[in-house]
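Below is one structure, written out as structure tokens; the observations come after it.
Residue numbers (my numbering): 34 to 319.
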């Protein structure tokens, strides 16, 4: 509860412990538990593709300002790679600025939607650690909301370095590792209709840095934007609006926070939403 740093007094801590103890003793909450399967990323994004653009996603937008700024600074018709392009959210912005865009993704369902959305771009199926593109071919590489699904960052960073020209730039945006640790993992429903979450990995901030430096990249910037301030939930009210009840499974663990609002507020205060890196390859632009 961060009380060990002196931010909160004994009475506050005692009240929060009592609050949590009451939840642990609530048999109705125990009965509400749901088994959630771990779904492989390729299958998860196949299931998600149809609704990916329609459903609100709080992670969208944090990376777009940096991507737009770098893209606007490139010479006309620069070569840009959108790695793990998904449905083309960033590709459409890059192509709209007159650049030659190549999108790569492991999901054929996502690629099909991207191709319809950005017909002027080229798209290819491929893995992040085996990109189907030539060495030193791109002035800018962008990769957003993908590396949390990769077990090891080293091979992916090495591929990004391989395909960048001297002086080329790299933007990586991901859900912040502290949010992953708190359960920020995409939910899906499997073919059988049962709940699942796409397999995700918590890479520490230093993991990204070490992998990038080992690949020969240099750091140009790092940002950790905070999430928007949440509206305080009514005490003891779950996401379903029922006092003392958790919300639907796909909102866990966030809906559980409403059951212990003060504890949740303190635990999440100041935790960044995203981790955004700006790297570059040494050398003058090609």
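Quick reminder that beta carbons are idealized off the backbone N, C-alpha and C, glycines included. If you're wondering where the values come from, they're calculated on a predicted model, not measured in any experiment.
Pairing residue 166 with residue 149, the inter-Cα distance amounts to about 21 Å.
Residues of the same chain with a CB within less than 8 Å of the CB of residue 44, apart from the 5 flanking positions on each side, do not exist. DSSP places residue 261 in the coil class of the three-state scheme, outside both helix and strand.
Residue 115 is classed as buried because its beta carbon has at least 16 other beta carbons within 10 Å across all chains shown. In the DSSP assignment, residue 190 is bridged to no other residue. For residue 287, the secondary structure class from DSSP, reduced to helix, strand or coil, is helix. The continuous alpha helix (DSSP H) containing residue 143 extends over residues 141-150. By a beta-carbon distance limit of 8 Å, residue 156 does not contact residue 196. Their separation comes to about 16 Å. In the DSSP assignment, the residues bridged to residue 174 are 114 and 203.
In the three-state DSSP reduction, residue 239 falls in the helix class (H, G or I). If the five residues before and after residue 256 are omitted, its C-beta is found closer than 6 Å to the C-beta atoms of 309, all from its own chain and listed in chain order. At least 8 Å separates the beta-carbon of residue 71 from that of residue 179.
Beyond the five residues adjoining it in sequence on each side, residue 220 comes within less than 6 Å, by CB distance, of 230 and 283 in the same chain, given in chain order.
The three-state reading of DSSP puts residue 209 in coil, since its state is none of H, G, I, E or B. In this structure, DSSP gives residue 308 an extended state, which the three-state scheme calls strand. With the rule of 3 Cβ pairs closer than 8 Å, the stretch 209-226 does not count as touching the stretch 138-154. Three or more beta-carbon pairs separated by less than 8 Å link the stretch 106-115 to the stretch 173-189, which places the two stretches in contact.
Put simply, the backbone Cα of residue 137 is about 14 Å away from that of residue 153.
Boundaries of the beta strand (DSSP E) harbouring residue 256: 251-256, taken from the DSSP string. Distances from the alpha-carbon of residue 258 to those of 295, 307 and 250 put 307 closest. By the Cβ criterion, the stretch 233-246 is not in contact with the stretch 283-298, since fewer than three pairs of Cβ atoms, one from each stretch, lie closer than 8 Å.
The alpha-carbon of residue 223 is positioned some 32 Å away from that of residue 58.
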